[in-house]
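Quick note on numbering: the sequence shown equals residues 4 to 227 in my numbering. These notes concern the structure reproduced below.
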Amino acid sequence: MPGTHRIGQKLYARRRRWALSTALAAPVAGLLLFTTGGAAQAEPPAPPSASEAKTMLGEITEKAEGSSDGYSRDKFPHWIDQGDGCNTREAVLKRDGEGVETGSDCYPTKGSWTSPYDGGKWTEPGDVDIDHMVPLAEAWRSGASDWTQDKRQDLANDLKIAQLLAVTDNVNQAKGDKDPAKWMPEKTDYHCTYARSWIWVKHTYEMTADPEEKAALTKALGTC
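Shown next as structure tokens:
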């Protein structure tokens, strides 16, 4: 996972409680189901304060957005193993949900998720997307085209900063690869957090931002 290039990351402990369920009556004797439950963190790592984010924004290199030539999601290996039998997507579903229980494959069997972008509440994991705060295509155009594959993998799976969020699937699709000059969450009271998170990710990975993007982020910070 990300190395020493990270700036100002905040680590948040996650508690997981594991319990062994009763054996099921199944053709294969001794087949057991494992579940995990208890309170989830229910939110990603908190971004820097508005004042800290404003300073970070000033330190981000302003540059016209680059080309999408050569971009592929395959160049950002994602949903890698995060331990405890969970990949990145499953780890975020556990972290961001309420009352989440999972099977032995870490896929949720129970829980609810509230999308910070639109306030939608969901009980089916399939209705939830894991959004990359800074979309991978946007990252590519903001400097990631010159990174190593390992660094791109770090960005695509980073649980230590606010790069990954469980959100309503069609809202995530509407966002696509747009930056804040072209898309902001429906919930205006989330604009401050969104801007602070976006800036945190770009600053941590030393990505660039174009003038319109910086202007939109400055406006959003004004709502804090």
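For glycine and all other residues, C-beta sits at the position ideal for the given N, C-alpha and C. All values reported here derive from a predicted model rather than from experimental measurement.
Beta strand (DSSP E) segment containing residue i, residue limits
{"i": "Pro111", "result": "111–117"}
Cut-off 6 Å between Cβ atoms - residues of its own chain near residue i, not counting five sequence neighbours on either side
{"i": "Pro119", "result": "Tyr193"}
{"i": "Tyr197", "result": "Pro188"}
{"i": "Tyr74", "result": "Ala140, Trp143"}
{"i": "Gly106", "result": "Thr112"}
{"i": "Met59", "result": "Ile202, His206"}
{"i": "Gly114", "result": "Gly100, Gly102, Val103"}
{"i": "Trp186", "result": "Lys178"}
Minimum C-alpha distance to residue i - residue among the options
{"i": "His135", "options": "Thr91, Lys113, Gly61", "result": "Thr91"}
{"i": "Asp130", "options": "Ser148, Pro138, Trp186, Pro111", "result": "Pro111"}
{"i": "Ala223", "options": "Asp77, Cys195, Asp121, Asp161", "result": "Cys195"}
{"i": "Ser200", "options": "Gln176, Asn173, Asp172, Asp161", "result": "Asp161"}
{"i": "Asp108", "options": "Trp116, Lys97, Glu209, Lys154", "result": "Lys97"}
{"i": "Trp116", "options": "Arg155, Ser148, Asp172, Ala165", "result": "Asp172"}
{"i": "Pro47", "options": "Lys205, Asp72, Ala67, Val95", "result": "Val95"}
{"i": "Pro50", "options": "Lys163, Asp72, Gly114", "result": "Lys163"}
{"i": "Asp132", "options": "Asn175, Ala159, Phe79, Glu101", "result": "Asn175"}
{"i": "Ser148", "options": "Ala56, Asp72, Glu55, Ala67", "result": "Asp72"}
{"i": "Gly102", "options": "Phe79, Lys57, Cys89, Pro128", "result": "Pro128"}
{"i": "Phe79", "options": "Trp150, Val204, Thr126", "result": "Trp150"}
{"i": "Lys154", "options": "Gly179, Ala67, Asp121, Tyr208", "result": "Tyr208"}
Span of the alpha helix (DSSP H), counted from its first residue to its last, around residue i
{"i": "Gly61", "result": "53–62"}
{"i": "His194", "result": "194–207"}
{"i": "Val174", "result": "172–178"}
{"i": "Thr91", "result": "91–99"}
{"i": "Gln156", "result": "152–159"}
{"i": "Leu139", "result": "139–144"}
Residues of its chain near residue i, where Cβ-Cβ distance is below 8 Å and the 5 sequence neighbours each way are ignored
{"i": "Glu65", "result": "Thr211, Ala212, Asp213, Pro214, Lys217"}
{"i": "Lys181", "result": "Pro138, Glu141"}
{"i": "Ala184", "result": "Asp213, Glu215, Glu216, Ala218, Ala219"}
{"i": "Glu62", "result": "His206"}
Counted within 10 angstroms of its Cβ, other Cβ atoms place residue i as buried (16 or more) or exposed
{"i": "Ser52", "result": "exposed"}
{"i": "Arg76", "result": "exposed"}
{"i": "Ser145", "result": "buried"}
{"i": "Gln166", "result": "buried"}
{"i": "Lys124", "result": "exposed"}
{"i": "Ala159", "result": "buried"}
{"i": "Ala177", "result": "exposed"}
{"i": "Ala67", "result": "exposed"}
For residue i, the three-state DSSP class (helix, strand or coil)
{"i": "Trp125", "result": "strand"}
{"i": "Asp264", "result": "The structure shown has nothing for residue 264, since the chain only spans 4 to 227."}
{"i": "Ala219", "result": "helix"}
{"i": "Ala212", "result": "strand"}
{"i": "Ser24", "result": "Any reading at Ser24 must be qualified, since the residue scores a pLDDT of 30, below 50, and its modelled position is unreliable; no value is offered."}
{"i": "Thr105", "result": "strand"}
{"i": "Asp77", "result": "helix"}
{"i": "Arg147", "result": "The sequence shown places Ala at residue 147, rather than the Arg named in the question. Ala147: helix per DSSP, three-state reduction."}
{"i": "Leu224", "result": "helix"}
Proximity test, residue i beta-carbon vs the ligand ZN heavy atom, cut-off 7 Å
{"i": "Arg92", "result": "Annotation note on the ligand ZN: not contained in the displayed structure, which lists no ligands."}
Chain-order list of residues whose beta-carbon lies under 7 Å from that of residue i (same chain, five-residue window excluded)
{"i": "Cys227", "result": "Ala53, Cys195"}
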